[in-house]
Each structure stands twice: as structure tokens, then as C-alpha cells.
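Q: Whatever position you read off the sequence shown (first residue = 1), add 192 for our numbering.
Before I ask anything, let me first share the structure, which is written out below as C-alpha cells.
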Amino acid sequence: MREAVIVSVARTPIGRAKKGSLKDTRPEYFASEMLKELVDRTPGLAKSMVDDISLGCAMPEGEQGMNIARLIGLAAGFPVEVPAITVNRFCSSGSQTIALAADTIRAGNADIIIAGG
């Protein structure tokens, strides 16, 4: 069985719920900037090399509804050929996406997956 490894990490800024200077910033903007930074800090990684984007969203309602991972991937400039999936497992959504990505890579069904949430 193949090995899956974490190559790089990035995170969004932390704000004050409905109060601070970031309160009017849409969630896909935060996450798309994070994905751009992740690619920029990973030597040799091109957006076209990514097999999938798997992002967790604990509250997929309202402006975070539908497949927000897809919107984030497109907003970050990934090619339309790169699929994306939104996973909801409430507070452990991000952890679940990482586990699913690792399993997919170990099974040989992908080489590079961006996962988190």
C-alpha cells in the first residue's frame, strides 16, 4: 500500500464573529486565499497537478451552502477539471477530509489531494 503524507499546511485568519474587520468577507474568499498560499509555498506544485480538493464545512447553510469546496477551488484559480467535494461531519469535518484524502491516495486513486476544513 502506498504512503500518504502531509506536504504543506496553511490556515485562514481568525476573526471576531460578526464584529471585526473581516465580518463582511465571504467564506470562499478566505479559503481561496488559503489555497493560493498553499500552492505558492509548495515547490513544484502546479494547480493542474491536483487530483481533488476535499474541504470540510461544519455549517453548509446560507452562503456556505451547496458545494462550497468547488467554489473555493474555482475562486483560487484551479482548472475546472480539478474536482472538489464538501464534507460535513460538523466539528470534525476538516479531520474527516484529511482521512478520506489519505485513504484515497493510499488506495492508489489519486496522487495529490488538497484537504482540510
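Glycine is no exception: its CB is placed at the ideal position from the N, C-alpha and C atoms.
Going straight from the alpha carbon of Gly300 to that of Ile260, what length do you get?
A: About 26 Å.
Q: Under 8 Å: do the region 232-243 and the region 197-213 share three or more Cβ pairs, one atom per stretch?
A: These segments touch.
Q: So, are the CB atoms of Gly265 and Thr289 less than 8 Å apart?
A: No. Outside cutoff.
Q: Could you tell me the distance, in whole angstroms, from the CA atom of Met251 to the CA atom of Ala293?
A: Going from the Cα of Met251 to the Cα of Ala293 covers about 21 Å.
Q: Taking Ala267 as the reference, give the member of Glu229, Arg298 and Ser287 with the closest Cα.
A: The option with the nearest alpha carbon to Ala267 is Glu229.
Q: Are the beta-carbon atoms belonging to Ala276 and Leu247 less than 8 Å from one another?
A: Cβ distance < 8 Å, so Ala276 and Leu247 count as in contact.
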